[in-house]
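Undergrad: Start counting the sequence shown at 27; every next residue gets the next number (my numbering).
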Amino acid sequence: MILYSLKKGKMKKNTPLWIVWIGAILFTILFHNKTTGINLIIFNAFVVGCLIMFKGFNKQNMHHIVLLSGVIITLLTGFFFHSPLAITMNYISLILFSAAFLFPQIRGVHTLTGISFLNIGFSIAEFFSRTFNIKTYKSKAMKKMATWLTITIIPLAIIIVFIVLYSNANPWFNTLVTNTFEAINTMLITIFGEIHWSFIWTLTLGLFFVIWLLLGKAHSGVVKAESTKSDELKRKKSKFRYRGKMTGLKTEYRSAMILLVAMNVILLIVNFLDIKNVWFGFEWQGDYLKQFVHEGTWLLIISILLSIGIILFYFRKNLNFASFSKPLKVLAYAWMTQNFILALSVAVRNLHYISYFNLAYKRIAVFFFLMAVVVGLITVIIKIRKPGTAFFLLRTNSLAVYIILVGMCLVNWDVFIAKYNFRHADTAFLHLNFMQNLDNRALPWLIRDSSELASIKQTQYKTFDFARDDIYMTPEAYQARIKWKRDEFISTWEEKHWLSWNPAEHRAYQLLTGK
């Protein structure tokens, strides 16, 4: 069956190279010196259309359906909300959707992710082999080339991502990066003359991305490796025995019982103290709550990872099927339930944080993280009951994480935060330094008149002693900053190319100008 599937995969029609070049040129036309808008729709239509035309869409394949839905949802939210998260998830969805066509029988999103990274090198090697009509793609030289490309391009891509992240987070680093690239650009102009280097970079990026999406190669080894994995754990006879009267299985059972009893008792104490002091006895003393939430979150992360690791170890083999293992399973269920209570405690901590310090990106992300945690705990319980394998946990949780990430894109968070935080400025701390950095699409809700800001200032000073600290922006400085952002946005929007048009910024422009 596997060999038939592999042959069937190879019989699929290859994407013509002229389509790849059209895609690269189209990407350049759409995105060179432009922001995201209508161009995102056009590029998605091109890629999805090519994948379906040359690879074949399977309506019965769950990943084809789920990932196509993810592409459409993130495309719409990226276009209508102009959200960086949604736009990033759209590109990720396109990459995974492309990988799903290579071998439709792949069962895990985590496997598709691995195939996607492998294909960075192999797709480029395929491009060169077909461009220069190299017949020996499967030769050792070509495989070495693909491997070399994979191990060099992936780190390079990660380095670029972190440079962008650090540039956005650190203004001094951003200045250093900008000056470095300007120096490189000046050097290139000196050597080669006036060349539109930004156009060349965009074309190169577009060519690389289109090659990655449309020229991926199926890796039979990955599929064969996954085909040996099963959701259901099978009983296997083991020749290994511990020395002594008790068999190895019973010794392992006793070890697990001691550990799980101890862990349940410890976590019971932690949960009791959290319920007593966080759920019902919480009193804010006017201090920062950042550490209050972070310590609970880290405790939860460590507890979940330990829980999964221990459960996978003790329930990896025949202990699942032993007639005397029922008490151990009950203890495991109790531990998972207690981890669920721990997750609820983190949610309560986060609610307290928001209640006194308003919304921020990380505080919102905590709730989605907790959703993933709950799914993980449920799947661990199912794994014990079935009994299931580690592959089952990876398969179900990777899909759940992807769906949760797509779900995060369904809200225009910057606008939501702007409305919520000002609405609760009389009871929660309004961090103007954070508010002035929200996206331009939230500008209509960030602009406040002097009397309202003065009233907020008085309320903040009375409620929060630290609000007078010099590190926090004054209402006057905030108002000046927002006015500058408003003028800059209006000027930039009026000069935007039609391919950069998007409803979120268009609505903000209309509300700000009355046009």
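The beta carbon of each residue, even a glycine, is placed where N, CA and C say it ideally should be.
What's the gap between the Cα of Ala-369 and the Cα of Thr-453?
TA: In a straight line, the C-alpha of Ala-369 is about 26 Å away from that of Thr-453.
Undergrad: On the criterion of 16 or more Cβ atoms from any shown chain inside 10 Å, does Ala-50 qualify as buried, or is it exposed?
TA: When all chains shown are included, Ala-50 counts as buried.
Undergrad: Taking three-plus beta-carbon pairs below 8 Å as touching, is the segment 424 to 437 in contact with the segment 86 to 103?
TA: Segments in contact, yes.
Undergrad: Under a Cβ-count criterion, where at least 16 other Cβ atoms within 10 Å of its own Cβ denotes burial, should Asn-84 be classed as buried or exposed?
TA: Per the 10 Å Cβ criterion, exposed.
Undergrad: I'd like to know if the segment 49 to 69 and the segment 220 to 234 are in contact, where contact means that at least 3 CB-CB pairs between them fall below 8 Å.
TA: Short answer: they touch.
Undergrad: For Phe-366, which option in Val-291, Val-400, Asn-384, Ile-185 has the closest C-alpha, if you only look at C-alpha atoms?
TA: For the residues Val-291, Val-400, Asn-384, Ile-185, the minimum Cα distance to Phe-366 belongs to Val-400.
Undergrad: Could you give the DSSP three-state label for Gly-82: helix, strand or coil?
TA: Coil.
Undergrad: For the alpha helix (DSSP H) containing Ile-132, name the first residue and the last one.
TA: Taken as a continuous stretch (DSSP letters only), Ile-132 belongs to no alpha helix (DSSP H), as it is neither H nor E.
Undergrad: What residue does the alpha helix (DSSP H) around Thr-500 start on, and which one ends it?
TA: Element bounds for Thr-500: n/a, residue is neither H nor E.
Undergrad: Could you please give the first and the last residue of the uninterrupted alpha helix (DSSP H) stretch that includes Asn-486?
TA: Note that residue 486 corresponds to Gln in the displayed sequence, not to Asn. It spans 476 to 489 - the alpha helix (DSSP H) in which Gln-486 sits, taken as one unbroken run.
Undergrad: Below 8 Å between beta carbons: does that hold for Leu-464 and Leu-458?
TA: No; because the gap between Cβ atoms is not below 8 Å, this pair is not in contact.
Undergrad: Which residue from Leu-240, Asn-65, Met-213, Met-461 puts its Cα closest to that of Pro-42?
TA: For Pro-42, the nearest C-alpha among the options comes from Leu-240.
Undergrad: Check each candidate in Val-374, Thr-137, Pro-413 and name the one with the smallest Cα separation from Lys-250.
TA: Lys-250 has its Cα closest to that of Thr-137, out of Val-374, Thr-137, Pro-413.
Undergrad: Since Arg-375 contacts Gly-322 with CB under 8 Å, what's their CB separation in whole angstroms?
TA: Indeed, because the Cβ distance is near 5 Å, the residues count as touching under 8 Å.
Undergrad: How about Trp-125 and Asn-145: do their beta carbons lie closer than 8 Å?
TA: According to the sequence as given, residue 125 is Ala; it is not Trp. A contact, by the Cβ cut-off of 8 Å.
Undergrad: From Thr-201 to Val-441, what does the alpha carbon distance come to, in whole angstroms?
TA: Between Thr-201 and Val-441, the C-alpha separation is close to 29 Å.
Undergrad: Which residue from Tyr-382, Phe-418, Leu-77, Pro-181 puts its Cα closest to that of Arg-133?
TA: Per the Cα distances, Phe-418.
Undergrad: Look at Ile-516 and Thr-539 and say whether their C-beta atoms are less than 8 Å apart.
TA: Contact: yes.
Undergrad: Assuming Pro-353 and Met-461 form a contact by the criterion Cβ under 8 Å, report the distance between their Cβ atoms to the nearest whole angstrom.
TA: 54 Å between Cβ atoms; not a contact.
Undergrad: CA-CA distance, Ala-468 and Pro-110?
TA: Between Ala-468 and Pro-110, the C-alpha separation is close to 14 Å.
Undergrad: Does the beta-carbon of Lys-388, which I'm using as the reference point, lie nearer than 7 Å to any heavy atom of the ligand COA?
TA: As presented, the structure is devoid of all ligands, the ligand COA included, so that no description of it is given.
Undergrad: Whole angstroms are fine: how far does the CA of Ser-281 sit from the CA of Phe-72?
TA: Cα to Cα, Phe-72 sits roughly 58 Å from Ser-281.
Undergrad: Relative to the C-alpha of Arg-512, which residue among Val-203, Ala-534, Ala-360, His-90 is closest?
TA: Looking at the Cα atoms, Ala-534 is the closest of the given residues.
Undergrad: Does DSSP classify Arg-269 as helix, strand or coil?
TA: Unreliable positioning characterises Arg-269 in this predicted model, as indicated by a pLDDT of 48, which lies under 50. The coordinate reading is nonetheless provided below. Looking at Arg-269 - three-state DSSP - the assignment turns out to be coil, as it is neither helix nor strand.
Undergrad: With distances taken from CA atoms, which of Val-92, Ile-408, Ser-381, Ala-209 is nearest Val-135?
TA: The option with the nearest alpha carbon to Val-135 is Val-92.
Undergrad: Within its chain, find whatever has a CB closer than 7 Å to the CB of Ala-358; leave out the 5 residues flanking it on each side and keep chain order.
TA: These residues qualify, in order along the chain: Leu-286, Ile-337, Ile-410.
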